Each structure stands twice: as C-alpha cells, then as structure tokens.
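Numbering (my numbering), first residue to last: 7 to 345.
Now the structure itself:
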C-alpha cells in the first residue's frame with residue numbers, strides 16, 4: 007500500500023453505548039458480545055476490552071484460537087468457542103477457561119478426554135444443519151453428556167442452537183423444536199441456561215431471547231432488521247474510514263484495501279464538506295470527480311449518520327452485500343481508537 011494513508015477510526019465509546027443500549031432492550035436476557043473475525047475488522051483485543059468495560063460478561067469468539075489470543079492479551083472475560091475440528095486444541099481451551107460447544111457424541115468424547123473439566127454447551131440442530139446434534143439423536147447425546155458430567159469430566163452449562171433468519175415463521179418453527187429439545191434435556195438432568203438468538207432474532211422475535219442473546223455485527227452499527235436503519239434502532243457507527251487525496255481526481259483507496267469495486271459509479275466520498283462521486287475503483291487508488299480539493303486533503307470514505315458521507319451500511323446496500331463483508335475485508339495502514 008506504500009506510504010499513502012488509509013485509516014480506520016474506531017470509536018470504542020460508540021461500541022460500548024451500542025452494547026448498553028441493546029442490553030437494555032434485551033433484558034432480562036444477558037448479552038454475549040460476538041467478536042469473531044478480529045471483531046468484524048474493528049480490532050479483537052481493543053473491542054474485547056471495551057465490551058468488558060460496558061458490563062458484558064460473555065464473549066463469543068467462534069474458535070479456540072481467537073479465545074487463546076484474548077487470554078494472551080490478558081482478557082479474562084468468559085468466552086465461548088463453537089467451531090471446532092477433531093484436531094482442535096481442547097486442552098489449551100479448557101486450561102484457558104474457554105467454554106466449548108459440542109454437537110455430537112464424538113465431539114463430546116474428544117472434549118471430555120482432554121485434561122481439565124470443560125464447560126460445555128450442547129448444540130441441537132433446529133433446522134440449519136450447522137454443527138448441531140440431529141433431533142433423533144438428541145436423547146442419546148444428552149444422556150451421554152449428563153453421564154460425563156456426573157463422572158466429573160465436563161460441566162454441561164447450556165443448551166443452544168442457531169436460527170436461519172430466513173423468515174419469522176422459519177425461526178419460530180426452529181424455536182418450537184428447541185423447546186422440545188429443552189424439555190427432553192431437562193428430564194435427563196440438564197439445568198443450565200439457554201441461547202438460540204443472534205442479532206436478527208433477538209431484535210425481531212422476543213420469544214427467541216431466553217437467557218442469553220448473541221450480538222455481533224449489530225453492535226458495530228448495522229441494523230439486523232430489513233428496511234430499518236441502524237440509527238432508527240438507536241445504534242451508532244463506531245467505524246469511520248478515511249483516505250487522502252493523491253492528486254486532482256485520485257484518492258488513496260482501492261479494491262486491494264477492501265473497498266468494494268462494485269461501488270464504481272455509485273458511491274460518493276466526502277472531501278472538505280462536499281460529496282464527490284467515485285468514477286472508478288482501482289487496485290490501490292480510485293478516481294473521483296474533480297473538485298475544490300488538494301493533494302493531502304482527507305477523504306471520508308464512510309462515516310456516521312450525522313456526516314455527509316455514506317455510512318458503511320448505506321455503501322453495502324448500494325451493491326447488495328452486508329457490512330460483515332466490508333468490515334472484515336478492509337485493510338488499512340493505520341487504526342486509531344478513541345473512547
């Protein structure tokens with residue numbers, strides 16, 4: 007990228023405010039702040055610490071490696087990892103106090119054999135077919151988990167699942183299956199907590215909240231509800247992205263920085279309080295309309311709702327993608343943080 011500057015500006019205060027706002031809406035359910043994929047490109051360690059400062063008691067890390075990175079950085083907040091392979095380092099996870107998902111008896115046995123006593127979340131497949139125990143095997147699976155718990159090898163702390171989010175009707179059908187699984191698990195000796203909702207269901211379907219909701223990209227200023235802007239839900243935008251003017255009509259950001267090439271002819275940027283259309287997105291630089299600006303001037307690529315430049319959410323709407331793709335694909339020379 008050379009010496010030309012593309013900078014992420016992360017407002018950790020806005021992120022904390024979002025978590026507190028969401029928490030007030032979801033209460034009495036608690037919040038798990040999901041910070042996978044380098045906290046959606048916002049910086050894993052900084053965001054994890056900010057979430058803890060906001061009163062979040064649980065972090066969702068996706069995989070064991072991410073959880074171990076938190077521990078190496080001194081973040082001791084309870085963390086949950088749910089995507090494993092048979093070769094995953096369960097022993098290190100258990101030693102570090104990372105809670106683990108299990109969706110099959112074979113996975114359960116691997117976790118139980120590792121040194122220490124794992125905190126395990128049992129996953130039921132409620133229709134999404136994503137790493138969960140099939141309903142017809144659920145009774146056998148839970149029975150074995152409770153046996154391992156009584157033998158002192160694991161603690162069964164939760165039952166959980168994923169929702170598809172394709173429609174309210176589909177999600178409610180999955181919740182009905184979840185309810186059946188919970189009743190079966192309770193009869194077999196389960197007494198932990200329950201979680202099934204990520205951001206879309208948590209906002210749209212109160213019956214999905216149970217004891218805990220998993221909140222990911224919505225806490226970074228993205229609406230989980232179609233047709234509603236983040237600002238309408240009381241959510242702020244923690245990330246701004248700036249570049250610089252290289253010469254008249256050329257700015258220092260391109261598709262190799264993660265700026266979406268499909269934005270050619272559609273997006274605008276803000277320079278000196280005026281908007282200029284993107285004429286072509288190149289590899290490391292893009293061309294914009296000529297105007298009253300000079301080399302070295304700052305370019306606001308996207309920002310918050312109160313600025314002229316589009317938000318990340320609005321950029322993604324232009325090309326029919328999601329902010330997860332934009333945030334996690336961005337590469338910058340510099341990331342700055344404010345509180």
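Just so you know, even glycine gets a beta-carbon here, dropped at the ideal spot from N, CA and C. Just so it is clear, the structure is predicted and the values come from calculations on it, not from any experiment.
Beta-carbon proximity check, residue i vs residue j, cutoff 8 Å
i	j	result
residue 42	residue 341	no
residue 105	residue 90	no
residue 223	residue 46	yes
residue 120	residue 97	yes
residue 26	residue 217	no
residue 70	residue 33	no
residue 231	residue 209	yes
residue 178	residue 145	no
residue 152	residue 194	yes
residue 74	residue 250	no
residue 49	residue 345	no
residue 60	residue 22	yes
residue 87	residue 68	yes
residue 65	residue 79	no
residue 299	residue 278	yes
residue 130	residue 196	no
residue 136	residue 168	yes
Residue range of the unbroken alpha helix (DSSP H) whose run includes residue i
i	result
residue 221	Careful: residue 221 lies outside any alpha helix (DSSP H), inside the beta strand (DSSP E) at 218-221.
residue 53	50-59
residue 332	329-335
residue 118	111-119
Whole-number beta carbon distance between residue j and residue i, since they are thought to touch under 8 Å
i	j	result
residue 248	residue 306	6 Å
residue 166	residue 202	6 Å
residue 100	residue 108	So it is not a contact: roughly 13 Å between Cβ atoms.
residue 133	residue 170	6 Å
residue 213	residue 311	Not really, about 31 Å apart at Cβ, beyond 8 Å.
residue 221	residue 28	6 Å
residue 313	residue 276	7 Å
residue 301	residue 252	6 Å
residue 281	residue 274	4 Å
residue 350	residue 24	With the chain represented from 7 up to 345, any question about residue 350 goes unanswered, as that position is not in the structure.
Terminal residues of the beta strand (DSSP E) in which residue i lies
i	result
residue 166	160-166
residue 17	13-17
residue 344	340-344
residue 292	292-294
residue 183	Looking at the DSSP string, residue 183 is not in any beta strand (DSSP E); the run it does join, the alpha helix (DSSP H), is 174-193.
residue 308	304-308
residue 204	199-204
Close-in-space but distant-in-sequence residues of the same chain around residue i (CB under 8 Å, 5 per side omitted)
i	result
residue 269	284, 287, 321, 324, 325
residue 7	Note that residue 7 scores a pLDDT of 40, beneath 50, so its modelled location is shaky; the value from the coordinates is reported in the next line. So the qualifying residues of the chain are 262, 263, 290, 337, 339.
residue 229	235, 236, 238, 239, 241, 319
residue 163	105, 125, 126, 127, 198, 199
Bridge partner(s) assigned by DSSP for residue i
i	result
residue 66	40, 86
residue 124	160
residue 314	Paired residues: none, contrary to the question.
residue 253	256
residue 282	275
residue 104	85
residue 139	130
residue 26	Note: residue 26 sits in no beta bridge, so no partner.
residue 78	In DSSP, residue 78 forms no bridge with anything.
residue 287	292
residue 245	16
Spatial neighbours of residue i in its chain, beta-carbon cut-off 6 Å, leaving aside the 5 residues before and after
i	result
residue 58	83
residue 262	289, 290
residue 309	246, 315
residue 154	118, 160
residue 187	130, 144
residue 206	171, 230
Residues of its chain near residue i, where Cβ-Cβ distance is below 7 Å and the 5 sequence neighbours each way are ignored
i	result
residue 293	255, 256, 285, 286
residue 159	118, 123
residue 215	32, 35, 203, 208
residue 150	111, 114
residue 356	There is no way to answer for residue 356, as the model of the chain reaches only from 7 to 345.
residue 297	277, 280, 282
residue 92	116
residue 56	18, 21, 22
residue 148	128, 190, 191, 194, 196
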